[in-house]
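Everything on this sheet refers to the single structure shown next.
Encoded structure:
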């Protein structure tokens, strides 16, 4: 009986790598899943990529997209991707910190001088190194998507200075740099999965969170949180990643089609993002959210000791200096 179970398990493990890429006669289908709503600009960027891939390959290589957490949470999608049961998913760069410490640099506060500076980093040599730096974990990055600047939103207390964060429980991603940043500003970081955050806010488990305008809007967190302070502390991108098992199963031509489609989707997604930020801020204000524009220098000064600490770090110091040197 044990031998039969072992044989069955081995058979399943042999099949697993091919589940993320289904093949019929002259046609391969890649499975892409993520946790965002279909109205989200990142989802729209992925739809554009899928359309371009179908056009480039003349239907020989296509993508089926499963949004809204249909195939699991962000963490579950990464795990499925690593064993090849899922071809592609979207994660925050903060999640990638657990695979390589270099990704921490993208989540540190006030590292990027502007949106243009961040794009030059993501689209350049540094971005390429990061995308290809996780292959030993069966993960290959395809591109970075714009996820805007993250800011604090709270149930009923406006955040005008860092002192206003004292004693507040704030939801953060499961990211060491995010937790360190909130602590440096005086708050109490509380890691909670994105899917559970609405209930946590509603029940008072946390006093607030930090995210970009489209996420505040599409998540309906604005129904609970009525104060949004645009301190814009971090500019953490999203990363489109593919299973190396699936990537290596593609021909050189198929890989070229897919990478080109991903690259072409980046400027389109950024346009969707800008439009979504405008719409999101407009709609949450209509719903009774007060938008605050605090002095960002107060927050940047408060986290300088944290940045100085990382500048002395052997793994991150050089990378931070390279990021700062990008024009």
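Residue numbers (the numbering used here): 1050 to 1376. Cβ coordinates follow ideal geometry from the N, Cα and C atoms, glycine included. As the structure is a prediction and not an experimental result, all values here were calculated from the model.
Shortest alpha-carbon distance to residue 1233 belongs to which of 1112, 1250, 1141 and 1212?
Residue mapping note: residue 1233 aligns to position 184 of the chain shown, counting from 1. Nearest C-alpha to residue 1233: 1212.
Taking Cβ to Cβ, would you say residue 1284 is nearer than 8 Å to residue 1202?
If you number the chain shown from 1, residue 1284 lands on position 235. If you number the chain shown from 1, residue 1202 lands on position 153. Contact flag unset, no.
For residue 1201, report the span of its alpha helix (DSSP H) as first-last.
For the purposes of this step, residue 1201 is identified with residue 152 of the chain shown, where counting begins at 1. Not the alpha helix (DSSP H): residue 1201 falls in the beta strand (DSSP E), residues 1199-1203.
Whose C-alpha, out of 1306, 1176, 1279 and 1144, is nearest the C-alpha of residue 1375?
Here residue 1375 is taken as the residue at index 326 of the chain shown, counted from 1. Considering only alpha carbons, the answer is 1176.
On a CA-only basis, which of 1084, 1086, 1070 and 1107 is nearest residue 1306? Give me that one, please.
Here residue 1306 refers to the residue found at position 257 when the chain shown is read from its first residue. Among 1084, 1086, 1070 and 1107, the Cα nearest to that of residue 1306 belongs to 1107.
Following the continuous alpha helix (DSSP H) through residue 1082, name the residue where it begins and the one where it ends.
As a first step, residue 1082 must be located in the chain shown, where it is residue number 33. Note, residue 1082: premise wrong, no alpha helix (DSSP H); beta strand (DSSP E) at 1076-1082.
Tell me whether the beta-carbon of residue 1255 lies closer than 8 Å to the beta-carbon of residue 1240.
Residue mapping note: residue 1255 aligns to position 206 of the chain shown, counting from 1. Residue mapping note: residue 1240 aligns to position 191 of the chain shown, counting from 1. No, the Cβ-Cβ distance between residue 1255 and residue 1240 is not below 8 Å.
Quick check on residue 1163: buried or exposed, where buried means 16 or more other Cβ atoms within 10 Å of its Cβ?
Reading the chain shown from its first residue, position 114 is the one you call residue 1163. It counts as exposed.
Which residues mark the beginning and the end of the beta strand (DSSP E) in which residue 1292 is found?
On the chain shown, position 243 is the one that residue 1292 refers to. Taken as a continuous stretch (DSSP letters only), the beta strand (DSSP E) holding residue 1292 covers 1287-1292.
Give me the residue from 1270, 1157 and 1231 with the minimum Cα distance to residue 1248.
The residue labelled residue 1248 in the question sits at position 199 within the chain shown. Cα-wise, what sits closest to residue 1248 is 1270.
Classify residue 1195: buried if its beta carbon has 16 or more other beta carbons within 10 angstroms, exposed otherwise.
If you number the chain shown from 1, residue 1195 lands on position 146. Per the 10 Å Cβ criterion, buried.
Output the distance between the C-alpha atoms of residue 1308 and residue 1267, rounded to the nearest integer angstrom.
For the purposes of this step, residue 1308 is taken as residue 259 along the chain shown, with counting starting at 1. For the purposes of this step, residue 1267 is taken as residue 218 along the chain shown, with counting starting at 1. When rounded, the distance between both Cα atoms is 28 Å.
Find out if the Cβ-Cβ distance for the pair residue 1144, residue 1372 is shorter than 8 Å.
Mapped onto the chain shown, residue 1144 falls at position 95. Mapped onto the chain shown, residue 1372 falls at position 323. Not closer than 8 Å, so no.
Excluding five sequence neighbours on each side, which residues of the same chain lie with their C-beta closer than 6 Å to the C-beta of residue 1097?
Residue 1097 sits at position 48 when you count from the first residue of the chain shown. Hits under 6 Å: 1314 and 1317.
For the beta strand (DSSP E) containing residue 1193, name the first residue and the last one.
In the chain shown, residue 1193 corresponds to position 144, counting from 1. First-last of the beta strand (DSSP E) with residue 1193: 1188-1194.
Relative to the C-alpha of residue 1148, which candidate in 1183, 1116, 1128 and 1137 has its C-alpha closest?
Translated into positions along the chain shown, residue 1148 becomes position 99. It is 1183.
DSSP three-state label for residue 1247, please.
For the purposes of this step, residue 1247 is taken as the residue at position 198 of the chain shown. Residue 1247 falls in the helix class under three-state DSSP.
Taking the Cβ atom as the reference point for each residue, do residue 1345 and residue 1287 lie within a distance shorter than 8 Å?
Residue 1345 sits at position 296 when you count from the first residue of the chain shown. Residue 1287 sits at position 238 when you count from the first residue of the chain shown. No, Cβ-Cβ distance for residue 1345 and residue 1287 is not below 8 Å.
Can you tell me which of the three DSSP states residue 1221 falls into?
Indexing the chain shown from 1 puts residue 1221 at position 172. The answer is strand: DSSP assigns residue 1221 an E or B state.
Have a look at residue 1082 and residue 1189 and give me their C-alpha separation to the nearest angstrom.
Stepping through the chain shown from its first residue, residue 1082 is reached at position 33. Stepping through the chain shown from its first residue, residue 1189 is reached at position 140. The straight-line gap from Cα to Cα measures roughly 16 Å.
Quick one: what's got a C-beta closer than 7 Å to residue 1265's C-beta in the same chain, skipping five residues either side?
Residue 1265 sits at position 216 when you count from the first residue of the chain shown. Once the five neighbours on either side are set aside, the close Cβ partners of residue 1265 are 1202, 1271, 1277, 1329 and 1333.
What number of angstroms, rounded off, separates the C-alpha of residue 1259 from the C-alpha of residue 1076?
By one-based count along the chain shown, residue 1259 stands at place 210. By one-based count along the chain shown, residue 1076 stands at place 27. For residue 1259 and residue 1076, the distance between alpha carbons rounds to 42 Å.
If you draw a straight line from the C-alpha of residue 1339 to the C-alpha of residue 1226, how long is it?
Reading the chain shown from its first residue, position 290 is the one you call residue 1339. Reading the chain shown from its first residue, position 177 is the one you call residue 1226. Roughly 28 Å separates the two Cα atoms.
What span of residues does the alpha helix (DSSP H) with residue 1121 cover, start to end?
Looking up residue 1121 in the chain shown gives position 72. Residue 1121 -> no alpha helix (DSSP H), and no H or E assigned at all.
Tell me which same chain residues have a C-beta within less than 7 Å of the C-beta of residue 1088, skipping the five on either side of it?
Indexing the chain shown from 1 puts residue 1088 at position 39. 1267, listed in sequence order.
Tell me the rounded alpha-carbon separation between residue 1114 and residue 1216.
Taking the first residue of the chain shown as position 1, residue 1114 is located at position 65. Taking the first residue of the chain shown as position 1, residue 1216 is located at position 167. Cα to Cα, the separation comes out at about 41 Å.
Going by DSSP in three states, residue 1273 sits in which element: helix, strand or coil?
Here residue 1273 refers to the residue found at position 224 when the chain shown is read from its first residue. Coil.
To the nearest whole angstrom, what separates the beta carbons of residue 1377 and residue 1365, a pair I think is in contact under 8 Å?
This structure cannot speak to residue 1377, because the chain is shown only from 1050 to 1376.
Output the residue ranges of the beta strand (DSSP E) runs that lie fully inside the stretch 1105-1154 and measure 3 residues or longer, sorted by chain position.
Counting whole runs of 3 or more residues, the stretch 1105-1154 contains the beta strand (DSSP E) stretches 1110-1115 and 1137-1141.
Could you spell out the range, first to last residue, of the alpha helix (DSSP H) harbouring residue 1349?
One-based indexing of the chain shown puts residue 1349 at position 300. Taken as a continuous stretch (DSSP letters only), the alpha helix (DSSP H) holding residue 1349 covers 1345-1351.
With residue 1166 as the anchor, note down where its alpha helix (DSSP H) starts and where it stops.
Reading the chain shown from its first residue, position 117 is the one you call residue 1166. Looking at the DSSP string, the run of the alpha helix (DSSP H) that includes residue 1166 is 1164-1172.
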